[in-house]
Amino acid sequence: GTWEALLAGRAARAIGRFSGTPAGGRVASGDQGRPLGELELVFAVAPGHPLADAPEPIKPEIVRRHRAVAVGDSARNLPAVTIGLLGGQDVLTVPSMQAKVAAQIAGLGCGNLPVGLAMPEIEAGRLVPKLLAESRMTGTSYCSWNTSVQGKSLQWFLERLSDATLPRA
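Take the sequence shown: its letters are residues 48 to 216, numbered as in this note's numbering.
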């Protein structure tokens, strides 16, 4: 939904975007946008989940047997973007990252979470981190903007963004 909001003019910029660029459009992204930094992810499950006791590293064919929890793409017209799911895997789709964390704590599924959200739950014993045999444990977070909206506020924002030292997630 982020790309759609930018392309339709419902948003001027998107901060923290974590997916590829849609075909065509007037959106600055990737090399034309601004990388904000690397987002570190951790695969985690509830202590009572079957994968909590699985020997590590866990192979994809084992993970595929268990439901994943994913945040739904809110796009209305563009094709939905899927990140980090395995083909053939059952998926529980939730509306937000907070709902994803809650579903994983409840043992409803497994999946990758940003370290900053997962660590308090891991430290409290509500989630267990697991090492996967094949996983992408980091990804680049971006700021993108609608290139048809090039005003002084965007320039001011981008200058401040360039000056900022962002903490690691």
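The beta carbon of each residue, even a glycine, is placed where N, CA and C say it ideally should be.
By the C-beta density criterion, glycine 172 is exposed, having fewer than 16 other C-beta atoms within 10 angstroms.
In the three-state scheme derived from DSSP, where H, G and I count as helix and E and B as strand, alanine 153 is classed as coil. According to the DSSP assignment, proline 167 belongs to the alpha helix (DSSP H) that extends over 162-170. For arginine 60, the three-state secondary structure derived from DSSP is strand.
Relative to the Cα of aspartate 137, the nearest Cα in the group Leu179, Gly56, Ala115, Asn124 belongs to Ala115. In the DSSP assignment, leucine 83 falls within the beta strand (DSSP E) that extends over 81-92. Glycine 156 sits buried, since 16 or more C-beta atoms from the chains shown fall within 10 Å of its C-beta.
Contact check for leucine 178 against proline 104 passes: the beta carbons are separated by less than 8 Å. Serine 209 carries a helical assignment under DSSP once its states are collapsed to helix, strand and coil.
In the three-state scheme derived from DSSP, where H, G and I count as helix and E and B as strand, proline 176 is classed as strand. Looking at Trp203, Trp50, Ala59, the one whose alpha-carbon comes closest to that of serine 195 is Ala59. DSSP places alanine 101 in no beta strand (DSSP E); its state is neither H nor E. The Cβ atoms of valine 92 and valine 162 lie no closer than 8 Å to each other. Straight-line spacing of the CA atoms in alanine 149 and serine 209 works out to 34 Å.
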